[in-house]
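Reading through the structure tokens given below for one structure.
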Ligand code: NAP
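Numbering (the numbering used here), first residue to last: 150 to 735.
Shown next as structure tokens:
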């Protein structure tokens with residue numbers, strides 16, 4: 150390297166092989182201290198990262214920091230250039246870097262530095278983990294339920310910059326084409342923007358999100374979209390997302406539909422559930438039932454809104470971390486701006502940059518160091534030692550400077566933190582929450598679907614899974630006991646000599662046993678059941694199922710899998726409840 154950037158001689162570069170990082174014990178990591186409050190938070194955070202690495206690996210591992218220049222500091226060094234080529238090259242070459250906030254110079258002709266960075270390095274995924282840390286003030290009743298990682302597509306959508314100002318020649322040309330040749334209808338002189346969403350762009354984003362979920366033992370990936378309105382852009386994103394999961398991760402993923410229809414609500418060990426939600430529902434859900442969501446994959450605009458909204462639920466921009474990534478290059482960054490009024494006052498919260506560094510350590514596979522910081526941070530904030538922004542929200546807080554806050558965290562890191570206990574507790578809490586939700590999915594699938602914002606489309610979405618099936622020679626009396634015990638209103642009867650499946654409902658017992666004064670103990674279910682069993686395939690639409698039920702004049706059907714085995718029961722009550730709640734599915 151020539152110019153102002155000097156690679157440290159005591160470090161080695163990180164490399165990538167087949168998309169996986171090869172991290173030496175003394176990796177060179179790039180850092181840009183940033184403008185405004187940048188130097189304050191960078192200085193404090195670096196001390197914490199180094200202390201955690203030292204403590205976790207006893208000197209075996211150590212970061213070799215390499216300063217890179219962007220923003221005002223770069224402009225001073227590189228003759229007014231805010232984003233020098235040398236920095237661009239180093240960010241690509243070092244693969245992993247971290248940056249503070251940057252001032253976008255005011256005045257014509259400047260692209261935002263952050264936009265330039267994303268575009269020039271093709272950092273197509275903006276990754277924002279949002280979780281609650283004990284002690285951090287939050288407006289939610291149970292902020293600990295928030296633990297999501299948002300993967301936002303960074304290059305496409307209405308942010309692609311394809312816009313034509315009202316009244317301009319280009320606008321008029323495009324408007325004429327749309328109206329005259331495409332039959333489009335809109336008000337004259339409307340400003341026009343184009344929303345490109347490509348298969349390539351969508352799939353590489355979703356691929357990254359799914360890979361992250363697999364690597365980090367996450368439960369689900371949710372595709373967020375408004376495909377009900379914008380079918381060929383947002384709807385296509387959803388379709389491509391599912392397609393990618395099916396084609397590239399068939400062993401590691403299942404769809405939410407399969408979760409209910411094939412697995413009765415029980416997530417098979419290690420499988421990531423791929424689901425989708427309409428964007429406006431996600432905003433509601435992240436307030437009402439945030440623990441239903443884990444990794445979220447979004448297009449650019451939805452993701453922009455969502456990341457800040459969710460961050461605000463658990464502490465706001467002062468502590469929300471983030472990163473922008475391409476296949477191999479990652480630039481971690483504070484998500485807030487330069488807050489110029491606080492520059493050089495050693496005053497602000499370093500949390501956003503600090504946790505971006507925690508993400509970076511996790512990205513390197515240095516989980517122990519990352520956990521040490523998280524545990525230490527919670528200890529310090531819980532004891533109400535905080536910077537001004539939290540101090541004004543926590544009663545009885547001791548307000549400290551940025552550097553003093555860092556001192557307190559480092560003291561915890563070097564003190565008697567039991568990191569194993571911290572990890573175990575966190576894992577136990579996650580496992581417990583997953584079990585509770587699984588139990589609810591298994592016992593009341595419809596209620597659970599509704600509560601978690603899923604719109605049922607198929608018979609498989611609505612059916613009550615794992616129906617009880619009995620041999621035909623079981624007595625009606627035994628079957629009645631079982632139905633009462635299990636709280637179910639029908640059982641399936643297995644094929645006897647006639648080779649036919651059947652279904653026996655409470656109504657059948659009333660009309661064929663009780664009203665005829667036959668003793669339940671002396672009649673076999675095979676004689677009472679209605680046959681042949683009317684079945685519908687698990688992927689049948691609700692409309693088609695309703696049509697079949699009414700034409701067969703029945704209130705319940707068995708749902709079968711591709712081998713024709715009954716795997717669930719769906720009733721008119723289920724369909725009624727769904728349509729009442731969500732309307733007729735598309
Ligand atoms: P900002 O710098 O994020 O500051 C807005 C407010 O957020 C601050 O006044 C402060 O609130 C709070 N805040 C931000 N960082 C904080 C921290 N570390 N600790 C505690 N509170 C914090 O947004 P802005 O004022 O709109 O933008 C200022 C400059 O930053 C602009 O030049 C903009 O272009 C740039 N910017 C850069 C980035 C980036 O580099 N990633 C992102 C956004 C903006 P209180 O006043 O209530 O204390």
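Don't be surprised by glycine CBs; every beta carbon is placed ideally from N, CA and C.
Exercise. Does the beta-carbon of residue 588 have 16 or more other beta-carbons within 10 angstroms, so that it is buried, or is it exposed?
Worked result: That one is exposed.
Exercise. Mind checking whether residue 274 and residue 477 have CB atoms under 7 angstroms apart?
Worked result: Using a Cβ distance threshold of 7 angstroms, residue 274 and residue 477 do not count as a contacting pair.
For this session: Quick one: grab the DSSP three-state call for residue 440.
Result: The three-state reading of DSSP puts residue 440 in helix, counting H, G and I together.
For this session: Classify residue 606 as helix, strand or coil using the three-state DSSP reduction.
Result: Correct three-state label for residue 606: coil.
Exercise. Can we say the stretch 421–438 touches the stretch 371–390, given the rule of at least three CB pairs closer than 8 angstroms?
Worked result: The stretch 421–438 is in contact with the stretch 371–390.
For this session: Write down every uninterrupted run of the alpha helix (DSSP H) in the stretch 166–231 whose length is 4 residues or greater and which is fully enclosed by it, in chain order.
Result: For the stretch 166–231, whole alpha helix (DSSP H) runs of length 4 or above, ordered along the chain, are 187–206, 220–226.
Exercise. So is residue 722 buried or exposed if we call it buried at 16+ other beta carbons inside 10 Å?
Worked result: Exposed, by the Cβ-count rule.
Exercise. Are there 16 or more other CB atoms within 10 angstroms of the CB of residue 159, so buried, or fewer, so exposed?
Worked result: Under this definition residue 159 is an exposed residue.
Exercise. What is the DSSP secondary structure of residue 624, reduced to helix, strand or coil?
Worked result: Strand at residue 624.
For this session: Return no unless some Cβ of chain C is closer than 7 angstroms to the Cβ of residue 657.
Result: Absence of chain C from the displayed structure is noted, only one protein chain being present.
Exercise. In angstroms, rounded to a whole number, what distance separates the CA positions of residue 473 and residue 693?
Worked result: Using only the alpha carbons, I get a separation of about 45 angstroms.
Problem set entry | Where the alpha helix (DSSP H) containing residue 417 begins and where it ends | Segment: none, residue 417 is in no alpha helix (DSSP H) and carries neither H nor E.
Problem set entry | Presumed contact (8 angstroms Cβ cut-off) between residue 594 and residue 414, rounded CB distance | With a Cβ gap of about 6 angstroms, residue 594 and residue 414 count as contacting.
For this session: Hey, could you find the ends of the beta strand (DSSP E) residue 524 is sitting in?
Result: Looking at the DSSP string, residue 524 is not in any beta strand (DSSP E); the run it does join, the alpha helix (DSSP H), is 516–531.
For this session: Could you have a look at residue 388 and say whether DSSP puts it in helix, strand or coil?
Result: Helix at residue 388.
Problem set entry | Unbroken beta strand (DSSP E) run spanning residue 369, endpoints | Its beta strand (DSSP E) spans residues 369–374.
Exercise. For residue 617 versus residue 640, is the C-beta distance shorter than 7 angstroms?
Worked result: Yes, the pair counts as a contact, with Cβ atoms nearer than the cut-off.
Problem set entry | Assigned secondary structure, residue 689 (DSSP; H/G/I helix, E/B strand, else coil) | Residue state for residue 689 is assigned as coil, using DSSP reduced to three classes.
For this session: Could you round the C-beta distance between residue 507 and residue 246 to whole angstroms and report it? I think they count as a contact, below 8 angstroms.
Result: Approximately 15 angstroms separates the beta-carbon atoms of residue 507 and residue 246; this is outside 8 angstroms, ruling out the contact.
For this session: Would you check whether the ligand NAP has a heavy atom nearer than 6 angstroms to the C-beta of residue 236?
Result: No, the beta carbon of residue 236 sits no closer than 6 angstroms to any heavy atom of the ligand NAP.
Exercise. When you compare only the Cα positions, how much space is there between residue 155 and residue 188?
Worked result: Spanning the two alpha carbons is a distance of roughly 19 angstroms.
Exercise. Terminal residues of the continuous beta strand (DSSP E) containing residue 636?
Worked result: Unbroken run through residue 636: none, as it is neither H nor E.
Exercise. Is residue 498 near the ligand NAP, going by C-beta to nearest heavy atom under 6 angstroms?
Worked result: At least one heavy atom of the ligand NAP is found less than 6 angstroms from the C-beta of residue 498.
Exercise. Under the three-state reduction of DSSP, which class applies to residue 470: helix, strand or coil?
Worked result: The three-state reading of DSSP puts residue 470 in strand, counting E and B together.
Problem set entry | Straight-line gap, residue 457 to residue 432 (C-alpha atoms, nearest Å) | Distance between the alpha carbons of residue 457 and residue 432 is about 11 angstroms.
Exercise. Any chance the CB of residue 417 is under 6 angstroms from a heavy atom of the ligand NAP?
Worked result: Look at residue 417: its beta carbon is at least 6 angstroms from all of the heavy atoms in the ligand NAP.
Problem set entry | Cβ contact (3+ pairs, closer than 8 angstroms) linking the stretch 311–328 and the stretch 452–472 | No, they do not touch.
Exercise. Is it true that the CB of residue 651 sits closer than 7 angstroms to the CB of residue 682?
Worked result: Yes, these two residues count as a Cβ contact at 7 angstroms.
Exercise. From which residue to which residue does the alpha helix (DSSP H) around residue 585 run?
Worked result: For residue 585, the enclosing alpha helix (DSSP H) covers residues 568–592.
Exercise. According to DSSP, which residues form a beta bridge with residue 425?
Worked result: Beta-bridge analysis with DSSP links residue 425 to 372.
Problem set entry | At least 3 beta-carbon pairs within less than 8 angstroms: the stretch 391–407 vs the stretch 546–563 | Cβ pair count under 8 angstroms is below three, so no.
Exercise. Can you find a heavy atom of the ligand NAP that lies under 6 angstroms from the Cβ of residue 252?
Worked result: For the ligand NAP, at least one heavy atom lies less than 6 angstroms from the Cβ of residue 252.
Exercise. Three or more C-beta pairs closer than 8 angstroms, one from the stretch 527–541 and one from the stretch 262–278: is that the case here?
Worked result: Two segments are said to touch when three or more pairs of C-beta atoms, one from each, lie closer than 8 angstroms; by this definition the stretch 527–541 does not touch the stretch 262–278.
Exercise. Exposed or buried, what is residue 167 when buried is set at 16 or more other beta-carbons lying within 10 Å of its beta-carbon?
Worked result: By the 10 Å Cβ count, residue 167 comes out exposed.
For this session: Would you please state the rounded distance, in angstroms, between the beta carbons of residue 270 and residue 241? I believe it to be under 8 angstroms.
Result: By a beta-carbon distance limit of 8 angstroms, residue 270 contacts residue 241. Their separation comes to about 6 angstroms.
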